Amino acid sequence: MERRRGASRPRGRGRRIAGGRTVVCRGAADPHGQDPVNEMLRVSSRAAQRGDVRALAAAELECFEDPWPGPYFASELLAPARFHRVLVTPDGTLAAYLFTAWQYLDLHILKVATLAAYRRRGLGRKLMVVAEEHARQVAGETITLEVRTTNAAAIELYRSLGYEPAGIRPGYYSDLSDALVMTKRLGE
17 MERRRGASRP RGRGRRIAGG RTVVCRGAAD PHGQDPVNEM LRVSSRAAQR
67 GDVRALAAAE LECFEDPWPG PYFASELLAP ARFHRVLVTP DGTLAAYLFT
117 AWQYLDLHIL KVATLAAYRR RGLGRKLMVV AEEHARQVAG ETITLEVRTT
167 NAAAIELYRS LGYEPAGIRP GYYSDLSDAL VMTKRLGE
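Going by this note's numbering, the sequence shown opens with residue 17, and the numbers climb by one from there.
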């Protein structure tokens, strides 16, 4: 949940937790707000920077079976036709990240990940919305991604955002598991 500037915080929905971070609960009306883990953190979105490479490489080891090495992140930051975002907590801790590449009028999601300590708080959704906003601003036509066919939570997230299955890439991952290709058309 994001508040508009000048809007007051609803009583009882935000609280201070250890470490001084303020979190805002999703609230009872949200079907996903059934437990205390489901709180939206206050995070800021910014472009990924060279100084983030070490944290990104560490996050990759936590989040993926096929992690990108640190030097790959560094080269992606310098590559043309890219859009990269990180979500960081007020103390600067990396919470989630997104790496994309433009392929003509298609924005291809290369990586989207949320660190374990910050999952189920809407950060992956937030990054996907940021990617879509960027694609619309530059007149992109589609967004495409691959996801493990066994990653039911991610597939459900992408479906809820309007992505549709577009095919299977057999043996896509290093362990030879398949990837589901999902696409969202933006002109509709």
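Even glycine gets a Cβ: it sits at the ideal position worked out from N, Cα and C. Quick caveat, the model's predicted, so the values are computed rather than measured.
DSSP, read as helix, strand or coil, puts residue 189 in coil. Secondary structure at residue 106: coil, using DSSP grouped into helix, strand and coil.
With a contact defined as Cβ atoms closer than 8 angstroms, residue 182 and residue 163 miss out at about 11 angstroms. For residue 63, the enclosing beta strand (DSSP E) has its first and last residue at 60 to 63. A residue is called buried when at least 16 other Cβ atoms come within 10 angstroms of its Cβ; residue 120 does not meet this threshold and is exposed. In chain order, 101, 103 and 146 place their CB closer than 7 angstroms to the CB of residue 61, counting only its own chain and leaving out the 5 sequence neighbours on each side. Judged by their CB atoms, residue 109 and residue 159 are not nearer to each other than the 8 angstroms cut-off. Separation of residue 77 and residue 89 (C-alpha to C-alpha, rounded to the nearest whole angstrom) is 13 angstroms.
Cβ contact annotation for residue 143 (same chain, cutoff 7 angstroms, sequence separation greater than five): 101, 103, 112, 114 and 128, in chain order.
In the DSSP annotation of this structure, the continuous segment of the alpha helix (DSSP H) that includes residue 146 starts and ends at 139 to 153. Our two residues, residue 105 and residue 133, have alpha carbons roughly 12 angstroms apart in a direct line.
Residue nearest to residue 118 within the set 130, 150 and 91 is 150 (criterion: CA-CA distance). Burial check for residue 137: the Cβ neighbour count within 10 Å reaches 16 or more, so the residue is buried.
Looking at the DSSP output, residue 115 bridges to 100 and 127.
Beta-bridge partners assigned by DSSP to residue 180: 199.
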